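Numbering (the working numbering), first residue to last: 4 to 139. Even for Gly, the Cβ is constructed at its ideal location relative to N, Cα and C. Fair warning: this is a prediction, and the values are worked out from it, not measured in the lab. Accompanying notes for the structure given below.
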(Lines of atoms letter the chains of each structure in order from A; the text may use other names.)
(Lines give C-alpha, C1' and ligand atoms only; values in the text may rest on other atoms or scores of the structure.)
Protein backbone atom coordinates (compact mmCIF):
# COMPACT_ATOMS: atom_id res chain seq x y z
CA UNK A 4 0.00 0.00 0.00
CA UNK A 5 2.77 2.43 0.87
CA UNK A 6 4.31 1.98 -2.60
CA UNK A 7 1.02 3.10 -4.18
CA UNK A 8 0.92 6.13 -1.91
CA UNK A 9 4.60 6.91 -2.61
CA UNK A 10 3.96 6.93 -6.37
CA UNK A 11 0.78 8.97 -5.90
CA UNK A 12 2.66 11.44 -3.70
CA UNK A 13 5.03 12.27 -6.56
CA UNK A 14 2.12 12.99 -8.91
CA UNK A 15 0.34 15.03 -6.25
CA UNK A 16 3.39 17.19 -5.48
CA UNK A 17 3.95 17.85 -9.18
CA UNK A 18 0.29 18.81 -9.65
CA UNK A 19 0.40 21.12 -6.60
CA UNK A 20 3.58 22.84 -7.86
CA UNK A 21 1.80 23.47 -11.15
CA UNK A 22 -1.10 25.16 -9.35
CA UNK A 23 -3.65 22.35 -9.12
CA UNK A 24 -6.22 22.81 -6.36
CA UNK A 25 -7.58 19.27 -6.46
CA UNK A 26 -6.27 15.85 -7.46
CA UNK A 27 -8.46 12.81 -8.09
CA UNK A 28 -6.83 9.41 -7.86
CA UNK A 29 -8.22 6.62 -9.99
CA UNK A 30 -10.50 3.99 -8.55
CA UNK A 31 -8.91 1.37 -6.31
CA UNK A 32 -5.47 3.02 -6.21
CA UNK A 33 -5.43 2.40 -2.46
CA UNK A 34 -7.52 -0.80 -2.31
CA UNK A 35 -7.90 -3.54 -1.09
CA UNK A 36 -6.59 -2.25 2.24
CA UNK A 37 -9.57 -1.66 4.58
CA UNK A 38 -9.90 1.10 7.16
CA UNK A 39 -12.57 2.53 9.43
CA UNK A 40 -13.71 5.73 7.72
CA UNK A 41 -15.52 7.98 10.21
CA UNK A 42 -18.46 10.27 9.62
CA UNK A 43 -17.12 13.58 8.22
CA UNK A 44 -19.25 15.47 10.76
CA UNK A 45 -16.71 14.73 13.50
CA UNK A 46 -14.36 17.29 11.91
CA UNK A 47 -11.48 14.82 11.68
CA UNK A 48 -7.96 15.67 10.47
CA UNK A 49 -6.01 12.38 10.55
CA UNK A 50 -2.73 14.24 9.97
CA UNK A 51 -2.99 16.13 13.27
CA UNK A 52 -1.15 14.34 16.05
CA UNK A 53 -3.92 15.46 18.41
CA UNK A 54 -6.63 14.16 16.07
CA UNK A 55 -9.04 11.44 17.04
CA UNK A 56 -7.50 7.99 16.59
CA UNK A 57 -9.92 5.54 15.01
CA UNK A 58 -8.61 2.03 14.49
CA UNK A 59 -6.58 1.37 11.36
CA UNK A 60 -6.28 4.67 9.51
CA UNK A 61 -2.75 4.77 8.09
CA UNK A 62 -3.91 5.39 4.50
CA UNK A 63 -6.22 8.20 5.60
CA UNK A 64 -3.44 9.72 7.72
CA UNK A 65 -1.02 9.77 4.76
CA UNK A 66 -3.63 11.22 2.40
CA UNK A 67 -4.60 13.83 4.99
CA UNK A 68 -0.98 14.88 5.47
CA UNK A 69 -0.39 15.03 1.72
CA UNK A 70 -3.43 17.29 1.32
CA UNK A 71 -2.39 19.51 4.23
CA UNK A 72 1.32 19.71 3.35
CA UNK A 73 0.62 20.52 -0.31
CA UNK A 74 -2.49 22.73 0.13
CA UNK A 75 -4.55 20.58 -2.23
CA UNK A 76 -7.86 18.73 -2.13
CA UNK A 77 -7.61 14.96 -2.56
CA UNK A 78 -10.31 12.63 -3.85
CA UNK A 79 -9.34 8.99 -3.42
CA UNK A 80 -10.94 5.57 -3.40
CA UNK A 81 -10.23 3.33 -0.41
CA UNK A 82 -11.86 0.37 1.27
CA UNK A 83 -14.11 1.04 4.27
CA UNK A 84 -14.84 -1.62 6.88
CA UNK A 85 -18.20 -1.26 8.69
CA UNK A 86 -19.83 -3.39 11.36
CA UNK A 87 -23.16 -4.88 10.39
CA UNK A 88 -25.91 -6.46 12.43
CA UNK A 89 -26.18 -10.25 12.44
CA UNK A 90 -29.94 -9.86 11.91
CA UNK A 91 -29.18 -8.29 8.50
CA UNK A 92 -29.50 -11.15 5.97
CA UNK A 93 -26.78 -9.55 3.81
CA UNK A 94 -24.30 -9.23 6.70
CA UNK A 95 -21.18 -11.30 5.90
CA UNK A 96 -20.12 -14.04 8.36
CA UNK A 97 -17.31 -11.86 9.78
CA UNK A 98 -19.84 -9.17 10.78
CA UNK A 99 -18.37 -6.46 8.54
CA UNK A 100 -19.34 -4.86 5.27
CA UNK A 101 -16.48 -3.96 2.97
CA UNK A 102 -17.41 -0.81 1.09
CA UNK A 103 -15.77 0.62 -2.01
CA UNK A 104 -15.59 4.23 -0.77
CA UNK A 105 -14.57 7.59 -2.20
CA UNK A 106 -13.16 10.06 0.32
CA UNK A 107 -12.42 13.78 0.04
CA UNK A 108 -9.77 15.58 2.10
CA UNK A 109 -9.61 19.37 1.96
CA UNK A 110 -6.42 21.42 1.71
CA UNK A 111 -6.20 21.46 5.52
CA UNK A 112 -6.25 17.65 5.62
CA UNK A 113 -9.79 17.39 7.00
CA UNK A 114 -12.06 14.54 5.90
CA UNK A 115 -14.83 16.43 4.09
CA UNK A 116 -16.95 13.66 2.60
CA UNK A 117 -17.19 9.98 1.86
CA UNK A 118 -19.37 8.02 -0.51
CA UNK A 119 -19.97 4.28 -0.30
CA UNK A 120 -20.08 3.30 -3.96
CA UNK A 121 -21.16 -0.28 -3.57
CA UNK A 122 -19.77 -3.08 -5.70
CA UNK A 123 -17.45 -2.39 -8.59
CA UNK A 124 -17.58 -4.92 -11.45
CA UNK A 125 -13.88 -5.68 -10.98
CA UNK A 126 -14.05 -5.86 -7.17
CA UNK A 127 -15.80 -8.96 -5.93
CA UNK A 128 -14.74 -8.23 -2.34
CA UNK A 129 -17.23 -5.35 -2.09
CA UNK A 130 -20.88 -6.13 -1.45
CA UNK A 131 -23.83 -4.24 -2.89
CA UNK A 132 -26.13 -2.87 -0.23
CA UNK A 133 -29.69 -1.77 -0.81
CA UNK A 134 -28.71 1.93 -0.85
CA UNK A 135 -25.57 4.02 -1.16
CA UNK A 136 -24.66 6.87 1.18
CA UNK A 137 -22.93 10.18 0.49
CA UNK A 138 -21.95 12.14 3.59
CA UNK A 139 -20.42 15.60 3.65
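Quick one: Cα of residue i to Cα of residue j, how far?
i	j	result
residue 88	residue 101	14 angstroms
residue 68	residue 85	24 angstroms
residue 106	residue 118	7 angstroms
residue 74	residue 93	41 angstroms
residue 17	residue 91	46 angstroms
By a C-beta neighbour count over all protein chains shown, 10 Å radius and 16 as the cutoff for buried, is residue i buried or exposed?
i	result
residue 41	buried
residue 2	Not covered by the structure: residue 2. The range shown for the chain is 4 to 139.
residue 120	buried
residue 83	buried
residue 14	exposed
residue 98	exposed
residue 103	buried
residue 27	exposed
residue 112	buried
residue 45	exposed
residue 25	exposed
In terms of DSSP beta bridges, what is residue i paired with?
i	result
residue 78	27 and 107
residue 44	Bridge partners of residue 44: none, in fact.
residue 83	38 and 102
residue 114	108
So the candidates are the options; which of them puts its Cα closest to the Cα of residue i?
i	options	result
residue 114	6, 48 and 73	48
residue 11	61, 20, 66 and 23	66
residue 6	29, 45 and 33	33
residue 80	20, 29 and 23	29
residue 64	18, 51, 73 and 9	51
residue 9	116, 108, 96 and 62	62
Could you tell me the boundaries of the beta strand (DSSP E) in which residue i lies?
i	result
residue 70	First-last for residue 70: 61-73, but that is the alpha helix (DSSP H), not the beta strand (DSSP E).
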